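Chemist: Got a structure here, written out as structure tokens. Questions coming.
Numbering (our numbering), first residue to last: 20 to 257.
What follows is the structure in structure tokens.
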């Protein structure tokens with residue numbers, strides 16, 4: 020009820036179903052948010068058994084009824100593994116169209132670098148997240164720039180970058196849950212919007228965006244067959 024009242028310019032209809040094959044029929048985009056939430060003291064690995072079953076079923080439903088060119092954005096954690104499970108269960112869909120959300124981590128990294136350098140986050144470019152949306156991720160400050168200069172030069176504090184910045188990004192999700200008892204909501208919603216917009220708009224020169232994608236044919240030497248976050252650019256064609 021609240022969505023129509025918000026008068027979003029692109030919203031035409033809200034249709035609700037509890038049946039996956041009904042919900043996914045002929046869809047061009049599927050944003051898979053539904054998963055057992057992570058609670059205090061839980062790691063993403065603790066969610067694997069239950070959520071693996073959910074994403075197996077959703078992958079099978081997408082495979083059966085979705086548009087063959089459907090783009091699938093997996094948000095529910097552990098999102099890398101869930102995206103891989105959904106992809107493996109949807110052989111009729113293109114493997115490159117399965118993505119897991121790491122834009123939230125990228126946005127957190129940009130924000131931290133902006134605060135430390137006393138600049139607006141818009142001045143921070145080319146920040147990358149490598150690997151999983153988990154505590155093993157590697158937020159890349161080495162290739163980041165601030166106002167066109169290397170972030171390491173602008174901040175000039177290697178101890179902070181390695182010993183504070185990196186762990187803060189890796190553990191921010193757990194810190195939010197510990198404080199509030201639940202995962203972040205608004206910032207996750209914004210990052211989903213950013214994720215989709217980055218695919219539909221050309222990437223500006225000197226910048227990149229991050230999401231975990233199928234590593235087949237990647238230029239970085241990463242093992243194939245994974246859902247792995249890396250720096251990407253788009254021509255704006257989805």
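In this text, a Cβ means the ideal position worked out from N, Cα and C, and glycines have one as well. Here the structure is a predicted model, which means the values were calculated and not measured.
So, are the CB atoms of residue 164 and residue 135 less than 9 Å apart?
Modeler: Contact: no.
Chemist: Going straight from the alpha carbon of residue 2 to that of residue 80, what length do you get?
Modeler: Within the shown structure, residues of the chain are numbered from 20 to 257, placing residue 2 beyond reach of any answer.
Chemist: If we call anything under 9 Å between Cβ atoms a contact, is residue 125 one with residue 233?
Modeler: Contact flag unset, no.
Chemist: Report yes or no: do three or more beta-carbon pairs, one from the region 148-157 and one from the region 94-110, lie closer than 8 Å?
Modeler: They touch, by the three-pair rule.
Chemist: For residue 160, which residues from the same chain have a beta carbon less than 6 Å from its beta carbon, with the 5 sequence-adjacent residues on both sides left out?
Modeler: These residues qualify, in order along the chain: 170 and 180.
Chemist: Skipping 5 residues on each side, what residues in its chain have a beta carbon closer than 7 Å to that of residue 42?
Modeler: Hits under 7 Å: 36.
Chemist: Report the option in 119, 25, 76 and 75 whose CA atom is closest to the CA atom of residue 214.
Modeler: Residue 119 is the option with its Cα nearest to residue 214.
Chemist: Using only the heavy atoms of the ligand FAD, determine whether one of them is closer than 8 Å to the beta carbon of residue 245.
Modeler: Although the ligand FAD was asked about, the structure shown includes no ligands whatsoever.
Chemist: Check whether the Cβ atoms of residue 162 and residue 147 lie closer than 9 Å to each other.
Modeler: Contact flag set, yes.
Chemist: Excluding five sequence neighbours on each side, which residues of the same chain lie with their C-beta closer than 7 Å to the C-beta of residue 129?
Modeler: For residue 129, where only same-chain residues beyond five positions count, the Cβ hits under 7 Å are 140, 143 and 146.
Chemist: Return yes when the Cβ of residue 218 is within less than 9 Å of the Cβ of residue 248, no when it is not.
Modeler: Not in contact: residue 248 and residue 218 (Cβ atoms no closer than 9 Å).
Chemist: So, using beta-carbon positions, are residue 85 and residue 51 closer together than 9 Å?
Modeler: No; because the gap between Cβ atoms is not below 9 Å, this pair is not in contact.
Chemist: Could you give the DSSP three-state label for residue 84: helix, strand or coil?
Modeler: Three-state result, residue 84: helix.
Chemist: Look at the alpha carbon of residue 131 and the alpha carbon of residue 83, and state the distance between them as a whole number of angstroms.
Modeler: The alpha-carbon atoms of residue 131 and residue 83 are separated by roughly 43 Å.
Chemist: With a Cβ-Cβ cutoff of 9 Å, do residue 90 and residue 49 count as a contact?
Modeler: Contact: yes.
Chemist: From residue 31 to residue 23, what does the alpha carbon distance come to, in whole angstroms?
Modeler: Their backbone Cα atoms lie some 8 Å apart in a straight line.
Chemist: Does the distance from the C-beta atom of residue 88 to that of residue 116 stay below 9 Å?
Modeler: In contact: residue 88 and residue 116 (Cβ atoms closer than 9 Å).
Chemist: Quick check on residue 274: does DSSP put it in helix, strand or coil?
Modeler: In the structure as shown, the chain starts at 20 and stops at 257, and residue 274 therefore has no counterpart that could be examined.
Chemist: Can you tell me whether residue 250 is buried or exposed, with buried defined as 16 or more other CB within 10 angstroms of its CB?
Modeler: Label assigned to residue 250: buried.
Chemist: How big is the Cα-Cα spacing for residue 39 and residue 45?
Modeler: Roughly 12 Å separates the two Cα atoms.
Chemist: In chain order, what residues of the same chain lie with their CB nearer than 8 Å to the CB of residue 244, ignoring the 5 residues before and after it?
Modeler: So the list reads 233, 234 and 235, once near-sequence residues are dropped.
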